[in-house]
Structures are given as C-alpha cells and as structure tokens.
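Going by the numbering used here, the letters in the sequence shown line up with residues 684 to 735, in that order.
Glycine included, every Cβ here is placed at the ideal spot set by N, Cα and C.
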Amino acid sequence: MNQRTCAACDCELDQNSIKVKLGGKTVEVCCEECATALGEAEAARSSADTEK
Ligand SMILES: [Zn+2]
Numbered sequence: 684m685n686q687r688t689c690a691a692c693d694c695e696l697d698q699n700s701i702k703v704k705l706g707g708k709t710v711e712v713c714c715e716e717c718a719t720a721l722g723e724a725e726a727a728r729s730s731a732d733t734e735k
C-alpha cells in the first residue's frame, strides 16, 4: 500500500507530486495550485496565531 493523496484536494499523487513544508511537517500535493492553496492556508493560520 503506497497510495498517497494530495493534502489539498485529496486526489491521487503521481511522480509529479510536490512536497510542501507546513510548520514542521512535510505534506505532498498534486500540483502547484494545491501547494499555493495550502501555503496560503497555513500562512493565514500563522498570522492569526501571532495576532492572538
Ligand atoms: Zn491537489
């Protein structure tokens, strides 16, 4: 069992998957769009944290 799915949209990953670092964690996404979406989601969360 080695099936991985995109962390953003849940579709299957192939060899074109992209690794994205979120916090201390590395996740994989299927395309750059998903990477950006995840990165922006994480950025929004982080800035929300610092604002308290
Ligand atoms: Zn995706």
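For residue i, the three-state DSSP class (helix, strand or coil)
i	result
Leu705	strand
Strand pairing of residue i, partner residues [DSSP]
i	result
Glu716	Answer by DSSP bridge pairing: none, since Glu716 is not bridged.
Thr688	Glu695
Glu725	None; Glu725 has no bridge partner.
Buried/exposed call for residue i, threshold 16 Cβ in 10 Å
i	result
Ser700	buried
Ala690	buried
Ala726	exposed
Ala718	buried
Cys694	exposed
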